[in-house]
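Novice: Numbering (my numbering), first residue to last: 2 to 313.
Cβ atoms here follow ideal geometry from the backbone N, Cα and C, with glycine treated the same way.
So, in C-alpha coordinates, the structure goes:
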(Lines of atoms letter the chains of each structure in order from A and count residues from 1; the text may use other names and numbers.)
(Lines give C-alpha, C1' and ligand atoms only; values in the text may rest on other atoms or scores of the structure.)
Protein backbone atom coordinates (compact mmCIF):
# COMPACT_ATOMS: atom_id res chain seq x y z
CA UNK A 1 0.00 0.00 0.00
CA UNK A 2 1.32 3.41 -0.96
CA UNK A 3 2.59 5.56 1.92
CA UNK A 4 0.99 8.97 2.38
CA UNK A 5 2.00 12.06 4.34
CA UNK A 6 0.12 14.78 6.16
CA UNK A 7 1.51 18.32 6.16
CA UNK A 8 0.17 20.52 8.96
CA UNK A 9 0.65 24.28 8.66
CA UNK A 10 1.31 25.38 12.23
CA UNK A 11 3.23 28.64 11.81
CA UNK A 12 0.25 31.04 11.95
CA UNK A 13 0.30 33.96 14.38
CA UNK A 14 -3.46 34.05 15.13
CA UNK A 15 -3.59 37.84 14.93
CA UNK A 16 -7.39 38.09 15.10
CA UNK A 17 -7.61 35.46 17.81
CA UNK A 18 -5.00 37.19 19.94
CA UNK A 19 -2.71 34.20 20.50
CA UNK A 20 -1.54 30.81 19.31
CA UNK A 21 -4.63 28.75 18.59
CA UNK A 22 -2.39 25.74 17.97
CA UNK A 23 -1.60 25.47 21.70
CA UNK A 24 -4.95 26.39 23.28
CA UNK A 25 -6.81 23.54 24.96
CA UNK A 26 -10.32 23.11 23.53
CA UNK A 27 -11.14 19.48 24.36
CA UNK A 28 -12.42 18.09 27.69
CA UNK A 29 -8.85 17.33 28.83
CA UNK A 30 -7.26 20.44 27.28
CA UNK A 31 -6.71 18.74 23.92
CA UNK A 32 -5.89 21.20 21.15
CA UNK A 33 -7.42 21.14 17.69
CA UNK A 34 -3.97 20.06 16.52
CA UNK A 35 -4.23 17.03 18.83
CA UNK A 36 -7.46 16.00 17.11
CA UNK A 37 -5.88 16.46 13.67
CA UNK A 38 -2.95 14.21 14.64
CA UNK A 39 -5.32 11.60 16.04
CA UNK A 40 -7.54 11.59 12.94
CA UNK A 41 -4.52 11.58 10.64
CA UNK A 42 -3.05 8.51 12.33
CA UNK A 43 -6.43 6.76 12.30
CA UNK A 44 -6.71 7.46 8.56
CA UNK A 45 -3.34 5.85 7.86
CA UNK A 46 -0.94 8.76 7.32
CA UNK A 47 2.54 7.47 8.16
CA UNK A 48 4.48 10.75 8.07
CA UNK A 49 3.12 13.86 9.75
CA UNK A 50 5.12 17.00 8.97
CA UNK A 51 4.59 20.26 10.83
CA UNK A 52 5.59 23.61 9.34
CA UNK A 53 6.42 25.96 12.22
CA UNK A 54 8.12 29.29 12.91
CA UNK A 55 11.61 29.50 14.37
CA UNK A 56 10.46 31.04 17.66
CA UNK A 57 8.13 28.14 18.41
CA UNK A 58 10.26 25.22 17.15
CA UNK A 59 11.91 24.06 20.45
CA UNK A 60 8.72 24.20 22.55
CA UNK A 61 6.68 22.67 19.72
CA UNK A 62 8.97 19.66 19.42
CA UNK A 63 8.99 19.20 23.17
CA UNK A 64 5.19 19.33 23.37
CA UNK A 65 4.82 16.80 20.53
CA UNK A 66 7.08 14.31 22.23
CA UNK A 67 5.45 14.78 25.62
CA UNK A 68 1.90 14.34 24.35
CA UNK A 69 2.34 11.88 21.50
CA UNK A 70 5.73 10.17 21.77
CA UNK A 71 4.78 7.12 23.84
CA UNK A 72 1.37 6.83 22.16
CA UNK A 73 2.91 6.63 18.68
CA UNK A 74 5.67 4.25 19.78
CA UNK A 75 3.02 1.89 21.16
CA UNK A 76 0.25 2.09 18.58
CA UNK A 77 1.85 3.54 15.42
CA UNK A 78 5.54 2.49 15.46
CA UNK A 79 5.90 2.96 11.70
CA UNK A 80 4.64 6.55 11.77
CA UNK A 81 6.93 9.51 12.28
CA UNK A 82 6.87 13.25 12.98
CA UNK A 83 8.89 15.86 11.08
CA UNK A 84 9.17 19.51 12.14
CA UNK A 85 9.95 21.92 9.29
CA UNK A 86 11.04 25.52 9.72
CA UNK A 87 9.30 28.19 7.63
CA UNK A 88 12.01 30.75 6.84
CA UNK A 89 11.21 34.18 5.47
CA UNK A 90 14.22 34.04 3.12
CA UNK A 91 13.46 30.55 1.79
CA UNK A 92 12.28 31.58 -1.68
CA UNK A 93 12.49 30.25 -5.24
CA UNK A 94 15.61 31.20 -7.14
CA UNK A 95 15.47 34.78 -8.39
CA UNK A 96 13.11 35.98 -5.63
CA UNK A 97 14.55 38.29 -3.00
CA UNK A 98 12.96 39.47 0.23
CA UNK A 99 12.53 43.25 0.58
CA UNK A 100 14.44 44.37 3.67
CA UNK A 101 11.23 45.90 5.06
CA UNK A 102 9.42 42.55 5.08
CA UNK A 103 9.20 41.11 8.60
CA UNK A 104 6.95 38.03 8.25
CA UNK A 105 6.69 35.00 5.93
CA UNK A 106 4.64 35.01 2.77
CA UNK A 107 1.47 33.12 3.66
CA UNK A 108 0.16 29.59 3.49
CA UNK A 109 1.48 28.77 0.00
CA UNK A 110 4.96 29.75 1.17
CA UNK A 111 4.50 27.58 4.28
CA UNK A 112 3.81 24.55 2.08
CA UNK A 113 6.87 25.41 -0.03
CA UNK A 114 8.98 24.90 3.11
CA UNK A 115 8.01 21.20 3.11
CA UNK A 116 9.31 20.41 -0.35
CA UNK A 117 12.50 18.62 0.74
CA UNK A 118 10.70 16.36 3.24
CA UNK A 119 7.71 15.25 1.17
CA UNK A 120 8.29 12.67 -1.56
CA UNK A 121 4.93 10.90 -1.68
CA UNK A 122 1.25 11.84 -2.06
CA UNK A 123 0.21 14.07 0.79
CA UNK A 124 -2.67 15.97 2.32
CA UNK A 125 -2.28 19.37 3.93
CA UNK A 126 -4.31 21.11 6.63
CA UNK A 127 -4.24 24.07 8.99
CA UNK A 128 -3.16 23.26 12.55
CA UNK A 129 -5.96 25.30 14.11
CA UNK A 130 -8.98 23.81 12.32
CA UNK A 131 -11.12 20.74 13.02
CA UNK A 132 -11.89 18.81 9.83
CA UNK A 133 -13.57 15.60 11.04
CA UNK A 134 -12.55 11.94 10.85
CA UNK A 135 -14.47 11.15 7.69
CA UNK A 136 -12.72 13.94 5.79
CA UNK A 137 -9.30 12.46 6.65
CA UNK A 138 -10.44 8.98 5.66
CA UNK A 139 -11.81 10.16 2.30
CA UNK A 140 -8.71 12.08 1.28
CA UNK A 141 -6.37 9.31 2.49
CA UNK A 142 -8.26 6.78 0.36
CA UNK A 143 -7.94 9.05 -2.67
CA UNK A 144 -4.22 9.69 -2.16
CA UNK A 145 -3.32 6.00 -1.95
CA UNK A 146 -4.57 5.51 -5.51
CA UNK A 147 -2.52 8.35 -7.05
CA UNK A 148 0.38 7.96 -9.45
CA UNK A 149 2.98 10.03 -7.62
CA UNK A 150 4.97 10.54 -10.82
CA UNK A 151 2.29 12.74 -12.39
CA UNK A 152 0.68 15.93 -11.14
CA UNK A 153 -2.51 15.40 -9.14
CA UNK A 154 -4.61 17.56 -6.82
CA UNK A 155 -7.89 17.25 -4.92
CA UNK A 156 -9.71 18.94 -2.06
CA UNK A 157 -12.44 18.39 0.51
CA UNK A 158 -14.98 21.19 0.46
CA UNK A 159 -17.35 22.48 3.13
CA UNK A 160 -20.57 24.57 2.86
CA UNK A 161 -19.60 28.15 3.59
CA UNK A 162 -22.38 28.64 6.13
CA UNK A 163 -20.72 26.01 8.36
CA UNK A 164 -17.39 27.83 8.34
CA UNK A 165 -18.28 31.39 9.33
CA UNK A 166 -18.00 33.29 12.58
CA UNK A 167 -20.65 35.60 13.99
CA UNK A 168 -17.85 37.47 15.73
CA UNK A 169 -16.21 39.01 12.67
CA UNK A 170 -15.13 38.55 9.07
CA UNK A 171 -13.19 35.57 7.71
CA UNK A 172 -11.28 34.68 4.55
CA UNK A 173 -12.38 31.75 2.43
CA UNK A 174 -11.56 30.29 -0.98
CA UNK A 175 -14.95 30.14 -2.71
CA UNK A 176 -15.23 27.29 -5.22
CA UNK A 177 -17.03 26.99 -8.52
CA UNK A 178 -17.74 23.33 -9.26
CA UNK A 179 -18.78 21.55 -12.46
CA UNK A 180 -19.46 17.80 -12.61
CA UNK A 181 -17.77 17.25 -9.25
CA UNK A 182 -14.58 19.02 -10.36
CA UNK A 183 -13.21 22.38 -9.31
CA UNK A 184 -13.46 24.88 -12.17
CA UNK A 185 -12.42 28.04 -10.31
CA UNK A 186 -11.47 29.13 -6.81
CA UNK A 187 -11.39 32.73 -5.63
CA UNK A 188 -10.06 33.94 -2.29
CA UNK A 189 -12.44 36.36 -0.55
CA UNK A 190 -10.95 38.04 2.50
CA UNK A 191 -13.91 39.82 4.13
CA UNK A 192 -16.81 37.36 4.42
CA UNK A 193 -19.40 38.01 7.14
CA UNK A 194 -22.70 36.65 8.46
CA UNK A 195 -25.36 37.79 10.89
CA UNK A 196 -26.59 34.22 11.37
CA UNK A 197 -29.06 34.47 8.50
CA UNK A 198 -27.48 36.32 5.58
CA UNK A 199 -23.97 35.88 4.17
CA UNK A 200 -22.00 38.46 2.23
CA UNK A 201 -18.48 39.54 1.39
CA UNK A 202 -16.96 42.98 0.93
CA UNK A 203 -14.64 44.07 -1.83
CA UNK A 204 -13.51 47.66 -2.36
CA UNK A 205 -16.13 48.83 0.17
CA UNK A 206 -18.95 47.15 -1.81
CA UNK A 207 -21.04 44.29 -0.36
CA UNK A 208 -21.93 41.23 -2.44
CA UNK A 209 -24.50 38.69 -1.25
CA UNK A 210 -23.90 34.94 -1.07
CA UNK A 211 -26.39 32.08 -0.78
CA UNK A 212 -24.63 30.37 2.13
CA UNK A 213 -24.52 27.03 0.29
CA UNK A 214 -21.36 27.79 -1.67
CA UNK A 215 -18.54 25.28 -1.28
CA UNK A 216 -15.37 26.69 0.20
CA UNK A 217 -11.85 25.41 0.69
CA UNK A 218 -10.67 25.15 4.29
CA UNK A 219 -7.17 24.15 3.14
CA UNK A 220 -7.82 20.40 3.32
CA UNK A 221 -6.19 19.51 0.03
CA UNK A 222 -4.31 16.58 -1.43
CA UNK A 223 -1.45 16.51 -3.94
CA UNK A 224 1.13 14.31 -5.55
CA UNK A 225 4.68 15.47 -4.87
CA UNK A 226 5.18 17.12 -8.32
CA UNK A 227 2.97 19.92 -6.97
CA UNK A 228 6.11 21.61 -5.64
CA UNK A 229 7.09 22.47 -9.22
CA UNK A 230 3.74 24.26 -9.63
CA UNK A 231 4.28 25.94 -6.28
CA UNK A 232 7.70 27.19 -7.31
CA UNK A 233 6.23 28.87 -10.41
CA UNK A 234 3.31 30.27 -8.38
CA UNK A 235 5.58 31.91 -5.82
CA UNK A 236 7.84 33.32 -8.54
CA UNK A 237 4.80 34.86 -10.25
CA UNK A 238 3.55 36.19 -6.91
CA UNK A 239 6.82 38.01 -6.38
CA UNK A 240 6.81 39.45 -9.88
CA UNK A 241 3.24 40.72 -9.60
CA UNK A 242 3.00 41.69 -5.91
CA UNK A 243 6.42 42.46 -4.50
CA UNK A 244 8.58 44.02 -7.17
CA UNK A 245 8.31 47.77 -7.03
CA UNK A 246 7.87 47.71 -3.22
CA UNK A 247 4.58 49.56 -2.99
CA UNK A 248 3.99 49.96 0.78
CA UNK A 249 0.79 47.89 1.01
CA UNK A 250 2.49 45.06 -0.90
CA UNK A 251 4.90 44.49 1.96
CA UNK A 252 2.13 42.62 3.79
CA UNK A 253 0.87 40.67 0.74
CA UNK A 254 0.50 36.89 1.11
CA UNK A 255 0.25 34.02 -1.34
CA UNK A 256 -2.67 31.80 -0.33
CA UNK A 257 -3.01 28.03 -0.64
CA UNK A 258 -6.13 28.17 -2.89
CA UNK A 259 -3.93 29.80 -5.53
CA UNK A 260 -2.19 26.43 -5.91
CA UNK A 261 -5.44 24.75 -6.95
CA UNK A 262 -6.21 27.60 -9.33
CA UNK A 263 -2.77 27.18 -10.90
CA UNK A 264 -3.49 23.48 -11.40
CA UNK A 265 -6.78 24.27 -13.12
CA UNK A 266 -5.05 26.78 -15.39
CA UNK A 267 -2.66 24.00 -16.41
CA UNK A 268 -5.64 21.88 -17.46
CA UNK A 269 -5.57 19.55 -14.46
CA UNK A 270 -8.84 17.97 -13.28
CA UNK A 271 -9.26 18.67 -9.54
CA UNK A 272 -11.96 16.50 -7.90
CA UNK A 273 -13.96 17.75 -4.92
CA UNK A 274 -14.14 14.87 -2.45
CA UNK A 275 -17.44 14.41 -0.64
CA UNK A 276 -17.45 13.98 3.12
CA UNK A 277 -20.03 14.01 5.88
CA UNK A 278 -17.63 15.76 8.27
CA UNK A 279 -18.43 19.15 9.78
CA UNK A 280 -15.67 21.75 10.00
CA UNK A 281 -15.23 24.09 12.94
CA UNK A 282 -12.50 26.39 14.15
CA UNK A 283 -11.64 29.54 16.05
CA UNK A 284 -10.96 32.84 14.37
CA UNK A 285 -11.90 35.10 17.29
CA UNK A 286 -11.78 34.53 21.09
CA UNK A 287 -15.58 34.34 21.28
CA UNK A 288 -15.52 31.37 18.88
CA UNK A 289 -13.72 29.21 21.45
CA UNK A 290 -16.74 28.23 23.61
CA UNK A 291 -18.61 27.01 20.52
CA UNK A 292 -15.68 24.79 19.57
CA UNK A 293 -15.29 23.48 23.12
CA UNK A 294 -18.95 22.46 23.19
CA UNK A 295 -18.72 20.79 19.78
CA UNK A 296 -15.72 18.73 20.88
CA UNK A 297 -17.44 17.75 24.11
CA UNK A 298 -20.46 16.55 22.12
CA UNK A 299 -18.20 14.35 19.94
CA UNK A 300 -16.51 12.87 23.00
CA UNK A 301 -19.86 12.14 24.65
CA UNK A 302 -21.05 10.47 21.44
CA UNK A 303 -18.02 8.16 21.60
CA UNK A 304 -16.25 9.55 18.52
CA UNK A 305 -13.08 10.27 20.52
CA UNK A 306 -11.60 8.92 23.75
CA UNK A 307 -10.80 11.20 26.66
CA UNK A 308 -8.02 11.95 27.22
CA UNK A 309 -7.41 11.78 23.50
CA UNK A 310 -3.97 10.19 23.53
CA UNK A 311 -5.03 7.03 25.34
CA UNK A 312 -6.32 4.12 23.23
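Look at residue 82 and residue 49 and say whether their C-beta atoms are less than 7 Å apart.
Specialist: Yes, these two residues count as a Cβ contact at 7 Å.
Novice: Using a 10 Å radius around the Cβ and a threshold of 16 neighbouring Cβ atoms, would you call residue 88 buried or exposed?
Specialist: Buried, since its Cβ has 16 or more Cβ neighbours within 10 Å.
Novice: Within its chain, find whatever has a CB closer than 7 Å to the CB of residue 288; leave out the 5 residues flanking it on each side and keep chain order.
Specialist: Here the set comprises 169.
Novice: If we count the other Cβ atoms within 10 Å of its Cβ and call it buried at 16 or more, is residue 272 buried or exposed?
Specialist: Its Cβ being crowded by 16 or more others within 10 Å, residue 272 is buried.
Novice: What are the boundary residues of the alpha helix (DSSP H) that residue 228 is part of?
Specialist: Looking at the DSSP string, the run of the alpha helix (DSSP H) that includes residue 228 is 228-239.
Novice: Could you tell me if residue 215 is buried or exposed, where buried requires 16 or more neighbouring beta carbons within 10 angstroms of its beta carbon?
Specialist: Residue 215 is buried by the Cβ-count criterion.
Novice: Determine the contact status of residue 221 and residue 293, defining contact as a CB-CB distance below 7 Å.
Specialist: No.
Novice: Apply the 10 Å Cβ neighbour rule to residue 284 and answer buried if 16 or more other Cβ atoms are within range, or exposed otherwise.
Specialist: By the 10 Å Cβ count, residue 284 comes out buried.
Novice: So residue 187 packs on residue 177, CB below 8 Å; how close in whole Å?
Specialist: Between residue 177 and residue 187 the Cβ distance is about 5 Å, and since that is below 8 Å, they are a contact.
Novice: May I ask which residues mark the beginning and end of the alpha helix (DSSP H) holding residue 44?
Specialist: From DSSP, the alpha helix (DSSP H) with residue 44 extends over 34-45.
Novice: Rounded to whole angstroms, what's the CA-CA distance from residue 281 to residue 133? Just pull it up for me.
Specialist: If I take the Cα positions, the gap works out to 5 Å.
Novice: May I ask you to report which of helix, strand or coil DSSP gives residue 151?
Specialist: DSSP places residue 151 in coil when its eight states are reduced to three.
Novice: Please name the residue in 9, 171, 61 whose C-alpha comes closest to that of residue 39.
Specialist: If we check each option's Cα against that of residue 39, 9 comes out closest.
Novice: Please report the straight-line C-alpha distance between residue 201 and residue 79, rounded to a whole angstrom.
Specialist: Those two C-alpha atoms are separated by around 47 Å.
Novice: For the beta strand (DSSP E) that contains residue 192, what are its first and last residues?
Specialist: Counting along the chain, the beta strand (DSSP E) containing residue 192 begins and ends at 183-195.
Novice: Alpha carbon to alpha carbon, what distance is there between residue 164 and residue 2?
Specialist: Rounded to whole angstroms, residue 2 to residue 164 spans 34 Å at the Cα level.
Novice: Taking the straight line between their C-alpha atoms, what separation do you get for residue 130 and residue 256?
Specialist: Residue 130 and residue 256: Cα-Cα distance of roughly 19 Å.
Novice: With which residues is residue 315 paired in a DSSP beta bridge?
Specialist: Residue numbering for the chain in the displayed model covers 2 to 313; residue 315 lies beyond these limits and cannot be assessed.
Novice: Is it buried or exposed for residue 223, if we count other Cβ within 10 angstroms and need 16 for buried?
Specialist: It counts as buried.
Novice: Between residue 86 and residue 204, what straight-line distance do the alpha-carbon atoms span, to the nearest angstrom?
Specialist: Approximately 35 Å between the Cα atoms of the pair.
Novice: Go ahead and label residue 37 buried or exposed: buried means 16 or more other beta carbons lie within 10 angstroms of its beta carbon, across all protein chains shown.
Specialist: With 16 or more other Cβ atoms within 10 Å, it is buried.
Novice: Using a threshold of 7 Å, state whether the C-beta atoms of residue 258 and residue 145 are closer than that.
Specialist: Contact flag unset, no.
Novice: How big is the Cα-Cα spacing for residue 210 and residue 185?
Specialist: Answer to the nearest angstrom: the Cα atoms are 21 Å apart.
Novice: Whole angstroms are fine: how far does the CA of residue 290 sit from the CA of residue 266?
Specialist: If I take the Cα positions, the gap works out to 36 Å.
Novice: Less than 8 Å between C-beta atoms, sequence neighbours within five positions excluded: which residues of the same chain meet that for residue 136?
Specialist: Cβ within range, chain order: 277, 278, 279.
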